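S.K.: Structure in structure tokens, see below.
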Amino acid sequence: MQEVPYQYALIQNLLSKEDSLELAASFPQEQFQLSAGEGYGYLWSQMFANHHDISVMPKFGDRWLERIVDGTLTSDLSSLSSIWCQLIKELWQPAYREALTAMSGLQLQDCAMVIGFRRYNIGHLHRPHTDEASKALTHMLYFNEYWPQDWGGCLRILKDAQPESVFQDIPPLSDTSVALVRSQNSWHMVTPVASSAQKSRLALRVTFFHQANQSV
Numbered sequence: 012m013q014e015v016p017y018q019y020a021l022i023q024n025l026l027s028k029e030d031s032l033e034l035a036a037s038f039p040q041e042q043f044q045l046s047a048g049e050g051y052g053y054l055w056s057q058m059f060a061n062h063h064d065i066s067v068m069p070k071f072g073d074r075w076l077e078r079i080v081d082g083t084l085t086s087d088l089s090s091l092s093s094i095w096c097q098l099i100k101e102l103w104q105p106a107y108r109e110a111l112t113a114m115s116g117l118q119l120q121d122c123a124m125v126i127g128f129r130r131y132n133i134g135h136l137h138r139p140h141t142d143e144a145s146k147a148l149t150h151m152l153y154f155n156e157y158w159p160q161d162w163g164g165c166l167r168i169l170k171d172a173q174p175e176s177v178f179q180d181i182p183p184l185s186d187t188s189v190a191l192v193r194s195q196n197s198w199h200m201v202t203p204v205a206s207s208a209q210k211s212r213l214a215l216r217v218t219f220f221h222q223a224n225q226s227v
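Each position in the sequence shown, counted from 1, maps to that position plus 11 in the working numbering.
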């Protein structure tokens with residue numbers, strides 16, 4: 012875990028190349044919705060959590076209760092391929108939280124964990140932000156075997172709130188994942204996906220929410 016400009020970790024080769032390729036090939040294609048607002052725009056699909064974590068998510072706002080009711084937040088993995096089911100079940104195991112706890116120093120065993128798919132197409136982006144206060148840590152896993160830097164779509168670690176204050180640009184390559192500890196200065200962004208991009212930017216987002224913090 013790096014300490015400058017804030018706590019984050021670039022983790023490489025977390026998954027085998029063979030598994031990464033199989034996961035990319037069966038990355039969900041349907042039921043994506045556009046999430047758009049001032050300074051962001053991307054596609055999100057069904058989110059997953061274990062039964063215990065689903066039971067506490069309504070504490071973080073009505074939107075989570077709505078997602079449970081409409082099935083966009085679920086523990087049912089039947090819509091996924093077998094290898095995605097296997098990966099998510101492994102992420103639900105205590106060993107995963109324990110590893111991130113050891114790396115970050117956060118008490119993640121007391122957090123609720125939600126896993127979701129993200130797609131960024133041409134023009135999609137997420138301007139500088141620090142994440143909402145209810146989040147403790149976010150772990151992004153990427154599934155693009157090939158992604159030239161001129162396609163944009165990089166996770167940009169920032170020194171401050173300005174998009175030009177680049178500390179590190181991280182392309183969404185399948186041998187890469189990034190863990191971000193949320194703080195008031197944990198500025199980051201997703202640079203716009205360029206018109207030259209020939210593929211969608213594919214990511215799995217794992218987010219840990221403070222159960223003690225019920226703000227939205």
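By construction, the Cβ of each residue, glycine as well, lies at the ideal position given by its N, Cα and C atoms. None of these values were measured; they are calculated from a predicted model.
#1: Report yes or no: do three or more beta-carbon pairs, one from the stretch 49–63 and one from the stretch 108–127, lie closer than 8 Å?
#2: Residue 200 to residue 170, Cα distance in whole Å?
#3: Tell me the residue span of the alpha helix (DSSP H) that contains residue 79.
#4: Taking the alpha helix (DSSP H) that residue 65 belongs to, which residues open and close that run?
#5: Since residue 149 contacts residue 195 with CB under 8 Å, what's their CB separation in whole angstroms?
#6: Is it right to say residue 159 is buried, meaning 16 or more other beta carbons lie within 10 angstroms of its own, or is it exposed?
#7: Measure the CB-CB distance between residue 112 and residue 102 and report whether it falls below 9 Å.
#8: Go to residue 102, then tell me how far its alpha helix (DSSP H) extends in each direction, as first and last residue.
#9: Leaving out five residues on either side along the sequence, give the residues of the same chain with a beta carbon under 8 Å from the beta carbon of residue 251.
#10: What number of angstroms, rounded off, separates the C-alpha of residue 193 from the C-alpha of residue 147?
#11: Sort out for me which residues DSSP pairs residue 122 with in a bridge.
#12: Given this structure, state the Cα-to-Cα distance separating residue 225 from residue 75, to the nearest angstrom.
#13: Cα separation between residue 167 and residue 183?
#14: Going by the DSSP bridge assignment, what does residue 179 pair with across the sheet?
#15: Name the two residues that bound the continuous alpha helix (DSSP H) containing residue 105.
#16: For residue 21, name the three-state secondary structure that DSSP assigns.
M.R.: Answer, in terms of the structure:
#1: Contact holds: three or more Cβ-Cβ distances are below 8 Å.
#2: Here the alpha carbons of residue 170 and residue 200 stand approximately 11 Å from one another.
#3: It spans 73–81 - the alpha helix (DSSP H) in which residue 79 sits, taken as one unbroken run.
#4: Judged by DSSP secondary structure, residue 65 falls within the alpha helix (DSSP H) whose first and last residues are 62–67.
#5: Residue 149 to residue 195, Cβ: 15 Å. No contact.
#6: Result: exposed.
#7: Note that the C-beta distance between residue 112 and residue 102 is not below 9 Å.
#8: Boundaries of the alpha helix (DSSP H) around residue 102: 93–102.
#9: The first residue shown for the chain is 12 and the last is 227, placing residue 251 beyond what the model contains.
#10: The alpha-carbon atoms of residue 193 and residue 147 are separated by roughly 5 Å.
#11: The partner list for residue 122 (beta bridge, DSSP) reads 221.
#12: Here the model assigns residue 225 a pLDDT of 41, short of 50, so the residue's position is not dependable, and the following value carries that caveat. Using only the alpha carbons, I get a separation of about 12 Å.
#13: Separation of residue 167 and residue 183 (C-alpha to C-alpha, rounded to the nearest whole angstrom) is 11 Å.
#14: Answer by DSSP bridge pairing, in chain order: 168.
#15: Start and end: 105–115.
#16: Residue state, collapsed to three classes: strand.
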